[in-house]
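*Asks:* Chains B and E supply the protein sequences, listed in that same order.
Throughout the first sequence, residue numbering follows the numbering used here, covering 1 to 215 in sequence.
Throughout the second sequence, residue numbering follows the numbering used here, covering 216 to 430 in sequence.
Sharing a structure with you now.
There are 2 protein chains.
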Amino acid sequence: MLPDPIKKFAEEFSKLPSIGPRQATRLAFYISSLGKNKIKEITDVISGLNNLETCPRCFRTHSPSTSSGQAGKAKLCGICSDPTRSKSIIAIVEKETDLMSLEKTKKFNGWYLIIGELHKNGELEPEQKLRLSALKSFIKKELNGHSTSSGQAKADEIILAVNPTIYGDLNASLLKKELAEYAGKITRLGRGIPTGGEIEFADEETLGQAIDKRG
Amino acid sequence: MLPDPIKKFAEEFSKLPSIGPRQATRLAFYISSLGKNKIKEITDVISGLNNLETCPRCFRTHSPSTSSGQAGKAKLCGICSDPTRSKSIIAIVEKETDLMSLEKTKKFNGWYLIIGELHKNGELEPEQKLRLSALKSFIKKELNGHSTSSGQAKADEIILAVNPTIYGDLNASLLKKELAEYAGKITRLGRGIPTGGEIEFADEETLGQAIDKRG
């Protein structure tokens, strides 16, 4: 019944997060009605996403600028290469959009680790374990000046900026156990955010208060 | 703050119907994380939408088969070129997806005119006027056998399959006035569909009843 190109588009796009099969079908008809030039513009912006890199420290997606870093080596993003930011305070967030929301409050001057969306079963994916290991070895190597009497290098603080939900609580205690030896204190965002809500949808004011009242 | 390719993607995609800026941004990060091969697959399905044609009779989007029609001339779609379907009963729908919903009921054996989404101010766009003119001249040329004593060619019936909303009612009376001389009777779908709802979301059963009870 559906033309083949529409069907293929709908199949592909309904795999994307938060796009259902019906919306995908409507999008296909809509885009097909826009004509060749507009379709080219759309495929161009998607191909443009190929030019992004992942920051090897915080795992943020960024456009590598030509000036920073060495050729052939993954480059640090703008936040991680900013010398004015404190290296000893680290916020662990699940998603890029959570990071962006925190940055907008202008209340946080440390750096980030994007861990990826956490499972509801309280287990970490292999990729998430790798990212935690990267964080631990960064702390060991780069934060020697902060080492305690025991000789163990520690960050001053790790903020577990995960959603204030039941699953977030579960995952926060998991991460807290993993990182206990690596930080002077491990905090979470203040519960200014309504319980059950999501970081991404909080307004800047609420989120700013949540940073102030973390603990 | 956002990497340039993400920003461009989000700008382009939030212009599409039912995609907001926030969803577009999340999609951009998601797609960029899929890697080059997957990004190529996605741009391919979009480019595939270039291979579609608009049926010159019902204005449906379809994949022209190589067998039907003459070269260089726009080809009729599968429904309009089906000799078993009655030419003298015509359903006017707003969207492709409305047509698809009606086809699924298997209760309608006429053909369609896709008029495009109707405005809330009760005025037709130039393109919509062209489509109505195309319908009128089709009726004049092809339905001569049905001409009444006055000599005017008429369709047996035109079903105004527009949404049963206030705006749908407004637009239906507009279309009824336009087409009064061109059909033996002009009907609307039976109000089996809950008032305020949309054709696209009705289940097949309800929509089948609505076809039975049209009038």
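C-beta: ideal position from N, C-alpha, C; glycine also.
Could you list which residues in chain B have their beta carbon closer than 8 Å to that of A306(E), in chain order?
*Replies:* By 1-based counting over the second sequence, the position of residue 306(E) is 91. Here the premise fails: no neighbours, minimum Cβ distance about 16 Å.
*Asks:* If you measure beta-carbon to beta-carbon, which residues of the region 318-343 of chain E are closer than 7 Å to chain B?
*Replies:* Answer set for the region 318-343 of chain E: E318.
*Asks:* Listed from N- to C-terminal order along the chain, which residues in the region 413-427 of chain E have their beta-carbon within a distance smaller than 8 Å of any beta-carbon of chain B?
*Replies:* So the close ones are E415.
*Asks:* Between A74(B) and A161(B), how many whole angstroms is the CB-CB distance? I'm expecting something under 8 Å.
*Replies:* As a first step, residue 74(B) must be located in the first sequence, where it is residue number 74. As a first step, residue 161(B) must be located in the first sequence, where it is residue number 161. So it is not a contact: roughly 24 Å between Cβ atoms.
*Asks:* Identify, in the order they occur along the chain, each residue of the same chain with its Cβ nearer than 7 Å to the Cβ of F228(E), setting aside the five sequence neighbours on each side.
*Replies:* Along the second sequence, one-based indexing puts residue 228(E) at 13. Excluding sequence neighbours, F228(E) sits near I234, A239 and L242.
*Asks:* Cutting at 8 Å between CB atoms, please list the residues of its own chain near L358(E), excluding the five before and the five after it.
*Replies:* For the purposes of this step, residue 358(E) is identified with residue 143 of the second sequence, where counting begins at 1. Once the five neighbours on either side are set aside, the close Cβ partners of L358(E) are K302, S303, A368, K369 and A370.
*Asks:* Is the beta carbon of A202(B) closer than 9 Å to that of R188(B)?
*Replies:* Counted from its first residue, the first sequence places residue 188(B) at position 188. Counted from its first residue, the first sequence places residue 202(B) at position 202. No, these two residues do not count as a Cβ contact at 9 Å.
*Asks:* Going along chain B, which residues have a C-beta under 9 Å from Y245(E)?
*Replies:* The sequence position of residue 245(E) within the second sequence is 30, counting from 1. Those are L16 and P17, listed as they occur along chain B.
*Asks:* Report the three-state DSSP secondary structure of G439(E) (helix, strand or coil).
*Replies:* Residue 439(E) cannot be examined here, being either before or after the span of chain E that is shown, 216 to 430.
*Asks:* Nearest chain E C-beta to N50(B) closer than 9 Å, yes or no?
*Replies:* Start at 1 with the first residue of the first sequence, and residue 50(B) comes out as number 50. So, interface residue.
*Asks:* Strictly below 8 Å CB to CB, what residues from chain B border Q238(E)?
*Replies:* What you label residue 238(E) is simply residue 23 of the second sequence in a count that begins at 1. Result: S18.
*Asks:* Helix, strand or coil for A349(E), going by three-state DSSP, please let me know.
*Replies:* Here residue 349(E) refers to the residue found at position 134 when the second sequence is read from its first residue. Looking at A349(E) - three-state DSSP - the assignment turns out to be helix.
*Asks:* Is there a C-beta anywhere in chain E that falls below 9 Å from the one on D82(B)?
*Replies:* Within the first sequence, numbered from 1, the residue matching residue 82(B) stands at position 82. Output row for D82(B): interface = no.
*Asks:* CB-CB under 6 Å to L135(B), same chain, minus the five flanking residues each way: which ones, in chain order?
*Replies:* Position 135 of the first sequence holds residue 135(B). Here the set comprises L113.
*Asks:* Between which residues of its own chain and E181(B) is the CB-CB distance below 8 Å, once the five residues before and five after are set aside?
*Replies:* Taking the first sequence and counting its residues from 1, one reaches residue 181(B) at position 181. The residues are Q152 and K154.
*Asks:* I'd like to check one pair, P218(E) with L52(B): are the Cβ atoms closer than 9 Å?
*Replies:* Here residue 52(B) corresponds to residue number 52 of the first sequence, with the count starting at 1. Here residue 218(E) corresponds to residue number 3 of the second sequence, with the count starting at 1. Yes. Within cutoff.
*Asks:* In its own chain, which residues sit with a C-beta less than 7 Å from the C-beta of N192(B), not counting the 5 before and 5 after it?
*Replies:* Your numbering for residue 192(B) matches position 192 in the first sequence. Residue 192(B) is actually Gly in this sequence, not Asn. Counting only Cβ-Cβ distances below 7 Å, and skipping sequence neighbours, we find T206, Q209, A210 and K213.
*Asks:* Nearest by alpha-carbon distance to G78(B): which of N252(E), N324(E), K319(E) and M216(E) is it?
*Replies:* Your numbering for residue 78(B) matches position 78 in the first sequence. That would be M216(E), whose Cα lies nearest to the Cα of G78(B).
*Asks:* Compare the C-beta of D371(E) with all C-beta atoms of chain B and state if any pair is closer than 9 Å.
*Replies:* Here residue 371(E) is taken as the residue at index 156 of the second sequence, counted from 1. Judged by the 9 Å Cβ criterion, D371(E) is not in contact with chain B.
*Asks:* Beta-carbon separation of I401(E) and L390(E) under 9 Å?
*Replies:* Numbered from its first residue, the second sequence carries residue 401(E) at position 186. Numbered from its first residue, the second sequence carries residue 390(E) at position 175. Yes, the pair counts as a contact, with Cβ atoms nearer than the cut-off.
*Asks:* As a quick exercise: from C273(E), L339(E), I254(E) and K356(E), pick the residue whose alpha carbon is nearest that of D297(E).
*Replies:* The residue given as residue 297(E) occupies position 82 in the second sequence. Checked all of C273(E), L339(E), I254(E) and K356(E); the closest Cα to D297(E) is C273(E).
*Asks:* Between the Cα of K38(B) and those of Y245(E), S262(E) and N252(E), spot the shortest distance and give me the residue it belongs to.
*Replies:* As a first step, residue 38(B) is located in the first sequence; it is residue number 38 there, counting from the start. Checking every option, the nearest Cα to that of K38(B) belongs to S262(E).
*Asks:* Which residues mark the beginning and the end of the alpha helix (DSSP H) in which A243(E) is found?
*Replies:* Within the second sequence, the letter at position 28 stands for residue 243(E). Start and end: P236 to S247.
*Asks:* If you follow the alpha helix (DSSP H) that V260(E) is in, where does it begin and where does it stop?
*Replies:* Here residue 260(E) is taken as the residue at index 45 of the second sequence, counted from 1. Start and end: K251 to G263.
*Asks:* Please work out which residues of its chain come closer than 8 Å, Cβ to Cβ, to V93(B), disregarding the five sequence neighbours upstream and downstream, and give them in chain order.
*Replies:* If you number the first sequence from 1, residue 93(B) lands on position 93. Correct list, in chain order: L99, L102, Y112, L113, I114, I115, A161, V162 and I199.
*Asks:* Check whether chain E comes within 9 Å of S63(B), counting only Cβ atoms and requiring the distance to be less than that.
*Replies:* Indexing the first sequence from 1 puts residue 63(B) at position 63. Yes - at least one Cβ of chain E is within 9 Å of the one on S63(B).
*Asks:* Out of G383(E), G325(E), S352(E) and S348(E), which one is the CA nearest neighbour of H334(E)?
*Replies:* Here residue 334(E) is taken as the residue at index 119 of the second sequence, counted from 1. Of G383(E), G325(E), S352(E) and S348(E), the residue nearest in Cα terms is G383(E).
*Asks:* Pick from I139(B), F108(B) and E96(B): whose alpha carbon is nearest that of T84(B)?
*Replies:* Within the first sequence, numbered from 1, the residue matching residue 84(B) stands at position 84. Taking only the C-alpha atoms, the option nearest T84(B) is F108(B).
*Asks:* Secondary structure at C80(B), three-state DSSP: helix, strand or coil?
*Replies:* If you number the first sequence from 1, residue 80(B) lands on position 80. Of the three classes helix, strand and coil, the one that applies to C80(B) here is coil, per DSSP.
*Asks:* Just to make sure I have the definition right: I need the residues of chain B whose C-beta is within less than 7 Å of the C-beta of P220(E). Which are they?
*Replies:* For the purposes of this step, residue 220(E) is taken as residue 5 along the second sequence, with counting starting at 1. Under the 7 Å cutoff, chain B gives G48, L49, N51, L52 and S63.
*Asks:* For chain B, find out if any of its Cβ atoms is closer than 9 Å to the Cβ of G284(E); answer yes or no.
*Replies:* For the purposes of this step, residue 284(E) is taken as the residue at position 69 of the second sequence. Confidence at G284(E) is low in this model, with a pLDDT of 46, below 50, so its placement is unreliable and the value that follows should be read with caution. Taking Cβ atoms only, chain B never reaches closer than 9 Å to G284(E), which makes this a no.
*Asks:* Please go through the same chain and pick out, in chain order, the residues whose beta-carbon is closer than 6 Å to the beta-carbon of G139(B), but skip the five residues on each side of it.
*Replies:* Translated into positions along the first sequence, residue 139(B) becomes position 139. Position check: residue 139(B) holds Ile in this sequence, whereas Gly was assumed. Contacts found: A153, A155 and Y182.
*Asks:* Around the Cβ of S68(B), are there at least 16 other Cβ atoms within 10 angstroms (buried) or fewer (exposed)?
*Replies:* Residue numbering aside, residue 68(B) sits at position 68 when the first sequence is read from its first letter. Here the model assigns S68(B) a pLDDT of 47, short of 50, so the residue's position is not dependable and the matter cannot be decided.
*Asks:* May I have a chain-ordered list of the alpha helix (DSSP H) segments no shorter than 4 residues that lie completely inside the region 78-125 of chain B?
*Replies:* DSSP runs (the alpha helix (DSSP H)) wholly in the region 78-125 of chain B: 96-104.
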